[in-house]
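*Asks:* Take the sequence shown: its position 72, counting from 1, is numbered 76 in our numbering, and each next residue is one higher. Ideal Cβ placement from N, Cα and C applies to all residues, glycine included. What follows is a single structure, and I will ask about it in a moment.
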Amino acid sequence: MTDRAPLTRLDLLRFLKRVQEQDLARTNRWIADEERCETERARGAAARPPDPDWLVERGLQGRHAVYVHIGGCHMAGKRSRAATRDQARQSLDSGVDACPHCRPDTALGVLE
Numbered sequence: 005m006t007d008r009a010p011l012t013r014l015d016l017l018r019f020l021k022r023v024q025e026q027d028l029a030r031t032n033r034w035i036a037d038e039e040r041c042e043t044e045r046a047r048g049a050a051a052r053p054p055d056p057d058w059l060v061e062r063g064l065q066g067r068h069a070v071y072v073h074i075g076g077c078h079m080a081g082k083r084s085r086a087a088t089r090d091q092a093r094q095s096l097d098s099g100v101d102a103c104p105h106c107r108p109d110t111a112l113g114v115l116e
């Protein structure tokens, strides 16, 4: 047996208040962390250079061009490199395929 006095309703409410204050503090930390992450994402996006106007995608061996893309095309692979308008046009003229999604041949005025 213990010699403690039974908990009163006021004791229980004070306990509940402490628990809720701890929950609120944790939620406030989560909010601050998320705000920091959003700020960093926005800063990174602002510092990112703009997409090039044209891309030439190389094959697996990196020797031959396989596609010409408009800059920012979602289908451009990791082996894509920036190209000038003239380079993109020359690639299309030399037989490199135009991306079927972004259709750089249409944008460049090159018709097959």
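(1) On the three-pair Cβ rule with 8 Å, is the segment 84-92 touching the segment 56-73?
(2) Candidates R8, V100, E42, G75: which alpha carbon is nearest D55's?
(3) For my contact list, H73 and P104 are in at a C-beta cut-off of 8 Å; report their separation, rounded to the angstrom.
(4) Looking at the strands, I want to know which residues DSSP matches up with S84.
(5) Looking only at its chain, what residues have a beta carbon closer than 8 Å to the beta carbon of G66, apart from the 5 residues adjacent to it on each side?
*Replies:* In terms of the structure at hand:
(1) yes
(2) G75
(3) Contact flag wrong, Cβ pair sits at about 10 Å.
(4) E61
(5) R83
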